[in-house]
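For reference, the structure discussed in these notes is given below.
Residue numbers (the working numbering): -15 to 630.
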């Protein structure tokens, strides 16, 4: 059974930041980086080289730009960029972005079919019913199709908040003709409200005699006055191809369908409450509402500004009033923010009073009682440093311990791994030290699908009195320990009374460290938990209530990757095992079921939880209080005009 009552357990990962923030709100109502030889040493007596927290005066809406973005030819670079080399002759690479010039006929077809499906999306979104004549440019005259909304839908789940209906598709008959297809498409439209369809081609099967077939993920949102319905479906679409002409649909077969209805009005299940909770704070108006692009034109790059903005948060009660408070990590040059929860659920900025407004680039933080005095202390990951701040019990913090690290740290996880009554913590390392980072080929993940040349992770043992010792090597944690780690989570998966650790790695295999009484063995391969992919978060739960802990990992679902890696021309010289690893890189999230005395079972596809898109974080949480944990996935990345990959 779960051991949370036996050992104090705390965990916070960068990838879970959005998930944690959503849960918290519900409860309320590359620049130059440091290196492993930085002046900050592993002692609470020598902390003078790091920048202390500064008073955080409100940030003006508009700041002067001393050095507008420099331009090299037609390439725009970041403010403050110095002595960077750029390779100008990229014409060959640009040309290969066109699949027709790069020899990828399957991708050329996919792009053309995508354009046709966009037209179909427009028809579904139109307030007017689809007419068969509107399909003339999309289908052949004798197009065949199964019903796209089955007649034999049956409820698979039903409570006062959701109704989920599915169907047995084996008995679905085909109809022929554009009129019948138009009727089938109209059944997917909202009867009196709005319809928002999205289609994504994720597999392509080239055929003979200028034909092709593709699998399409179809997501449709219907909003009516009294309900909201989400349709999740998969279509198998067959096409007729002709040189110089758009492909035409010859058949559509429904291969998977579910329909989730939320009755009781048109409002979504969750609404953004950020403004109502933070809207009166100057911090919200002058700092949080601005994007990374805003600050890139106003702050020097040398301060640690990163357009990717990998920043986490921590939640905990800092002043003992029984209300959870929020600590938010920020870009270099912007102060971290400590936000205290008021009795009415709003937040107020107490950064200055708390002494936690670090201006360094900070990726992650934890609020956890490290000295057993009953209040929550603060651990902050500062690029290539770790800082521990003691809480005086009233929400005011002072620096107690600090150390340089051997890698750029991205997230933290804490637990009492040796059961000595003191909470220890683990630091996920990503990029190696400055002397190696991007300084040549060895600064890049190699090989891409199975890298082990990143910066090392570190396990810090709590020595008492807020002193910590690096125990990575002595505990056996330095095995497979340079895998560009994004997140980690402690859990006693084998029910032996001590905390084990699962680590999600960005470029290949994950790691499972089994705790054997305070030392560790890395057994991910043995337990079938390597999950070769782009690991970005970890969440544990007993999702099927069988008494064994299960684990869900956030990876990346790529429709382009799913299409390309299954084509014969994709890396034809690769061994089959390596090819399968590349295919797995694109499959999406993974759910592993714990089995007593045996390795874990990968049931993600079977359970329908693999397609989490570009999933930075995920978390098990029982949203509807029925005793079964659901899954929340935070996904997305920097938005751009071309959304074709993910």
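Quick reminder that beta carbons are idealized off the backbone N, C-alpha and C, glycines included.
(message) What does the alpha-carbon distance come out to for the pair residue 210 and residue 612?
(response) 27 Å
(message) Taking 6 Å as the limit between beta carbons, can you name the residues of its chain near residue 460, skipping five residues before and five after?
(response) 503 and 504
(message) What ranges does the beta strand (DSSP E) occupy inside the segment 150 to 199, keeping only unbroken runs of at least 3 residues that lie completely in it?
(response) With a minimum length of 3 residues, the continuous beta strand (DSSP E) runs that stay inside the segment 150 to 199 are 158 to 160 and 178 to 190.
(request) Could you check what DSSP says for residue 445 in three-state terms: helix, strand or coil? (result) strand
(message) In this structure, how does DSSP classify residue 415 when only helix, strand and coil are distinguished?
(response) Three-state result, residue 415: coil.
(message) Measuring alpha carbon to alpha carbon, tell me which residue in 331, 359 and 229 is nearest residue 302.
(response) That would be 359, whose Cα lies nearest to the Cα of residue 302.
(message) In whole angstroms, give me the CA-to-CA distance for residue 443 and residue 394.
(response) 14 Å
(request) Would you give the residue range spanned by the alpha helix (DSSP H) that residue 514 belongs to? (result) Counting along the chain, residue 514 falls outside any alpha helix (DSSP H), and DSSP gives it neither H nor E.
(request) Would you kindly check if the distance between the Cβ of residue 477 and the Cβ of residue 520 is under 8 Å? (result) no
(request) Below 8 Å on the Cβ atoms is my guess for residue 601 versus residue 572; work out the distance and round it to an integer in Å. (result) Not a contact, Cβ separation roughly 14 Å.
(request) Below 6 Å CB to CB, which residues in the same chain sit around residue 498 once its five sequence neighbours on both sides are set aside? (result) 484, 505 and 507
(request) Assuming residue 196 contacts residue 272 (C-beta within less than 8 Å), just tell me the rounded distance between them. (result) Going by Cβ atoms, the distance from residue 196 to residue 272 rounds to 47 Å, so no, they are not a contact pair.
(request) Answer with buried or exposed for residue 588, where buried requires no fewer than 16 other C-beta atoms within 10 angstroms of its C-beta. (result) buried
(request) Within 10 angstroms of the Cβ of residue 264, are there 16 or more other Cβ atoms? Answer buried if so, exposed if not. (result) exposed
(message) Under 8 Å, with one C-beta from each stretch per pair, do the segment 143 to 162 and the segment 232 to 245 reach the 3-pair mark?
(response) yes
(request) With DSSP as the reference, label residue 507 as helix, strand or coil. (result) coil
(request) Could you check how far apart the C-beta atoms of residue 486 and residue 463 are, in whole angstroms? I think they sit under 8 Å. (result) Contact between residue 486 and residue 463 is ruled out by a C-beta separation of about 14 Å, above the 8 Å threshold.
(request) Specify, as a first and last residue, the run of the beta strand (DSSP E) that residue 638 falls within. (result) What the structure shows of the chain is the stretch from -15 to 630, and residue 638 is not part of that stretch, so it cannot be assessed.
(message) Quick check on residue 589: does DSSP put it in helix, strand or coil?
(response) helix
(message) So for residue 253, helix, strand or coil by DSSP?
(response) coil
(message) Using 8 Å as the cut-off, can you tell me whether the segment 130 to 138 makes contact with the segment 163 to 174, which would need three or more C-beta pairs spanning the two stretches below that distance?
(response) In this structure the segment 130 to 138 lies against the segment 163 to 174, because at least three pairs of beta carbons, one per stretch, are closer than 8 Å.
(message) Going by DSSP in three states, residue 279 sits in which element: helix, strand or coil?
(response) helix
(request) Locate the alpha helix (DSSP H) running through residue 97, then write down its first and last residues. (result) For residue 97, the enclosing alpha helix (DSSP H) has its first and last residue at 89 to 109.
(request) Can you check DSSP and say which residues form a bridge with residue 385? (result) Bridge partners of residue 385: 372.
(request) Assign residue 119 to buried or exposed, taking buried as 16 or more other Cβ atoms, counted over all protein chains shown, within 10 Å of its Cβ. (result) Its Cβ being crowded by 16 or more others within 10 Å, residue 119 is buried.
(message) Less than 8 Å between the beta carbons of residue 584 and residue 466, yes or no?
(response) Not in contact: residue 584 and residue 466 (Cβ atoms no closer than 8 Å).
(request) Please confirm whether residue 297 and residue 311 have their CB atoms less than 8 Å apart. (result) yes
(request) Rank 174, 295, 335 and 91 by C-alpha distance to the C-alpha of residue 110 and give the top, closest one. (result) For residue 110, the nearest C-alpha among the options comes from 174.
(message) What does the alpha-carbon distance come out to for the pair residue 144 and residue 537?
(response) Each residue's Cα considered, the two are about 30 Å apart.
(request) Sort out for me which residues DSSP pairs residue 312 with in a bridge. (result) Residue 312 pairs with 297 and 321.
(message) Please list the terminal residues of the continuous alpha helix (DSSP H) segment that includes residue 335.
(response) 335 to 338
(message) Measuring alpha carbon to alpha carbon, tell me which residue in 454, 529 and 488 is nearest residue 469.
(response) 488
(request) Sort 326, 357, 365 and 316 by Cα distance to residue 344 and report the nearest one. (result) Out of 326, 357, 365 and 316, 316 has the C-alpha closest to the C-alpha of residue 344.
(request) Tell me whether residue 562 sits in a helix, a strand or coil according to DSSP, three-state version. (result) helix
(request) Give the secondary structure of residue 125 by DSSP, where H, G and I count as helix, E and B as strand, and everything else as coil. (result) strand
(message) Among the candidates 375, 342, 382 and 352, whose CA atom is the shortest distance from the CA of residue 369?
(response) Selected option, being the one with the closest Cα: 342.
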